[in-house]
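Participant: In this note's numbering, the protein residues as written are -2 to 361. From the three backbone atoms N, C-alpha and C, an ideal C-beta is built for every residue, glycine too. Before anything else, here's the structure in question.
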Ligand SMILES: Cc1ncc(COP(=O)(O)O)c(C=O)c1O
């Protein structure tokens, strides 16, 4: 089976981890500081604060923005649950705005009508590695005095109009989960140019400690370990190479998929670098379940990102969410991700295309 994701861990990562294990500093220590400096440098922000996951990055970024009980945060329903859950953790209410059916990202034209006197922030997601339309989003945010927090969990190295994902909002949150474009095993980071926000996040990730054993606010233990940071430092060096391979794989797949009846290749906006965390096609003819069964039976892994809009999840239904986002609901029934990761070989790409051609013959 060609897997849908395949993290690349080489000798360098292993040796860096062994060094940390032998150093005596295995929790948050100098490697985390080194990783933060290198990641901030890569993204082009003043600060980067490493944490235990992409989810905790979002949670702390929202808290640092002052989001809490009674506030609303505008976001997309077509994302991993963590995007909505992180808003719920703060006591605020996620307000879901429908997506653009081509990019699958939040539709900026629909944001303004969702703004109320309670809106505090906008949380766009750069889904699948393609930046959200940040120009319009930033303009709406500045006109309405809202904080912008990028969910860049899937977009390490992506670029929008010359600027990198991570420096497009007031803060940005990345995930380093193993399937992502780079990994630290579990892990996350917040990037920002805002010193006050960076300082708040540093305090919140370590039990609200400004000084050792002096707790000024209610914080958490959301620290990253030096073991994870050691993997991150090694992976960051290879991120551009990994992304280039993803982009080349995506170009090959798109070129061939455009000739196959019944499925549609991803759309790429002008002036963006899409880093293809996922290569997600739309099944336009036949049943998606039939396509998936056939593709899997013929040795190619698939994923559905995402089968249920966040507000339709049982948790959200039980909380009384009744949003309606028709484009997100339609996409949830039609999208299908196929392998694009940098470990694919030419034979794998050829096989993927062949299997899709065979499926098309059968179901269209
Ligand atoms: C869009 C998005 N947001 C947030 C997260 C949460 O990241 P993590 O799994 O590191 O907590 C993920 C990844 O899983 C994600 O894909």
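1. Any heavy atom of ligand 1 closer than 7 Å to the CB of residue 277?
2. Along the chain, where does the alpha helix (DSSP H) that runs through residue 139 open and close?
3. DSSP three-state label for residue 270, please.
4. For the candidate residues 340, 113, 260 and 216, whose alpha-carbon lies nearest to that of residue 375?
5. Report the rounded CA-to-CA distance for residue 261 versus residue 289, giving the unit in angstroms.
6. Excluding the 5 residues preceding and the 5 following residue 291 in the sequence, name in chain order all residues of the same chain whose CB lies nearer than 6 Å to its CB.
7. If distances are taken between C-alpha atoms only, which option among 308, 208, 347 and -1 comes closest to residue 329?
8. Going by alpha carbons, who is nearest to residue 332 out of 158, 137, 263 and 38?
9. I'd like to check one pair, residue -1 with residue 336: are the Cβ atoms closer than 8 Å?
10. Any heavy atom of ligand 3 closer than 7 Å to the beta-carbon of residue 126?
11. Rounding to the nearest angstrom, what Cα-Cα distance links residue 72 and residue 20 in this structure?
12. By DSSP's criteria, residue 100 is part of a beta bridge. Which residues make up the other side?
13. If residue 130 and residue 102 are in contact, beta carbons under 8 Å, what's the gap, nearest whole angstrom?
14. Would residue 210 be called buried (16 or more neighbouring beta carbons within 10 Å of its own) or exposed?
15. Just tell me which of 304, 25 and 251 has its CA closest to the CA of residue 371.
16. Roughly how many angstroms lie between the CA atoms of residue 275 and residue 353, to the nearest whole one?
17. Give the range of the beta strand (DSSP E) segment to which residue 92 is assigned.
18. Okay, do the segment 3 to 14 and the segment 197 to 210 touch, 3+ Cβ pairs below 8 Å being the bar?
19. Can you give me the Cβ contacts of residue 126 inside the same chain, cut-off strictly under 6 Å, excluding the 5 residues immediately before and after it?
20. Determine the burial state of residue 114: buried for a count of at least 16 other Cβ atoms within 10 Å of its Cβ, exposed for fewer.
21. Under 8 Å, with one C-beta from each stretch per pair, do the segment 242 to 256 and the segment 220 to 232 reach the 3-pair mark?
22. Hey, residue 89 and residue 194: beta-carbon distance below 8 Å or not?
23. Exposed or buried, what is residue 319 when buried is set at 16 or more other beta-carbons lying within 10 Å of its beta-carbon?
24. Please find out if some non-hydrogen atom of ligand 1 comes closer than 7 Å to the beta-carbon of residue 174.
25. Taking its Cβ as the centre, do 16 or more other Cβ atoms sit within 10 Å of residue 28, making it buried, or is it exposed?
26. Looking at ligand 1, does it come within less than 7 Å of residue 151, judged from the CB to the closest heavy atom?
27. Taking the C-alpha atoms as reference points, what is the distance between residue 257 and residue 56?
28. Entirely within the segment 170 to 254 and at least 4 residues each: give me those alpha helix (DSSP H) ranges in chain order.
29. Should residue 358 and residue 100 be called a contact, given that it needs their Cβ atoms to be closer than 8 Å?
30. Do residue 33 and residue 45 have their C-beta atoms within less than 8 Å of each other?
31. Please look up how many angstroms separate the CB atoms of residue 184 and residue 83, rounded, as I've assumed it's under 8 Å.
32. Excluding the 5 residues preceding and the 5 following residue 35 in the sequence, name in chain order all residues of the same chain whose CB lies nearer than 8 Å to its CB.
33. Compute the minimum distance between the beta carbon of residue 62 and the heavy atoms of ligand 1, and state whether it is under 7 Å.
34. Residue range of the alpha helix (DSSP H) that residue 58 falls in?
35. For residue 348 versus residue 296, is the C-beta spacing smaller than 8 Å?
36. Is residue 94 near ligand 1, judged by its Cβ being under 7 Å from some heavy atom?
Facilitator: In brief:
1. no
2. 131 to 140
3. strand
4. The question about residue 375 has no answer here: the residues shown for the chain are numbered -2 through 361.
5. 15 Å
6. 356
7. 308
8. 263
9. yes
10. As far as ligands go, the structure on display features ligand 1 and does not contain ligand 3.
11. 42 Å
12. None; residue 100 has no bridge partner.
13. 7 Å
14. exposed
15. Beyond the ends of the chain as shown, which are -2 and 361, falls residue 371; an answer cannot be given.
16. 17 Å
17. 90 to 93
18. no
19. 151, 152, 155, 271, 272, 273 and 274
20. exposed
21. no
22. no
23. exposed
24. yes
25. buried
26. yes
27. 42 Å
28. 192 to 201 and 223 to 254
29. no
30. yes
31. The Cβ separation is near 16 Å, so there is no contact.
32. 230 and 233
33. no
34. 51 to 61
35. yes
36. no
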